[in-house]
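In full-length UniProt numbering, the protein residues as written are 1 to 80.
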């Protein structure tokens, strides 16, 4: 991920400490980038799930009724 040009002044007593700081700063930056990317992916999935839930028809089982008018021959259901 691209970051705007930023600077951070770090002072240490040894070059080894400086290298440790630089490595840790890079690690934290990479972890933050990964979390941001994961957050974007989760938001997209959530949006898709919401859109799909509007399309899905939920059904529930009901006992079979042999006398149901839906099973009679020549039965017509009109809408509108």
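Every residue, glycine too, gets a C-beta built ideally from N, C-alpha and C. Predicted model only: the values in this text are computed from it and were never measured.
Candidates the options: closest to residue i by CA position
{"i": "residue 56", "options": "63, 62 and 48", "result": "48"}
{"i": "residue 25", "options": "50, 60, 39 and 7", "result": "7"}
Helix, strand or coil at residue i according to DSSP, with G and I counted as helix
{"i": "residue 14", "result": "coil"}
{"i": "residue 28", "result": "helix"}
{"i": "residue 53", "result": "helix"}
{"i": "residue 94", "result": "Absent from the structure is residue 94, since the part of the chain shown begins at 1 and ends at 80."}
{"i": "residue 62", "result": "coil"}
{"i": "residue 9", "result": "coil"}
Near the ligand FMN: residue i beta-carbon under 8 Å from a heavy atom
{"i": "residue 18", "result": "This structure lacks the ligand FMN; in fact it carries no ligand of any kind."}
Sequence-distant residues of its chain with Cβ nearer than 8 Å to residue i (five each side left out)
{"i": "residue 22", "result": "10"}
7 Å Cβ shell around residue i - same chain, five flanking residues per side excluded
{"i": "residue 19", "result": "none"}
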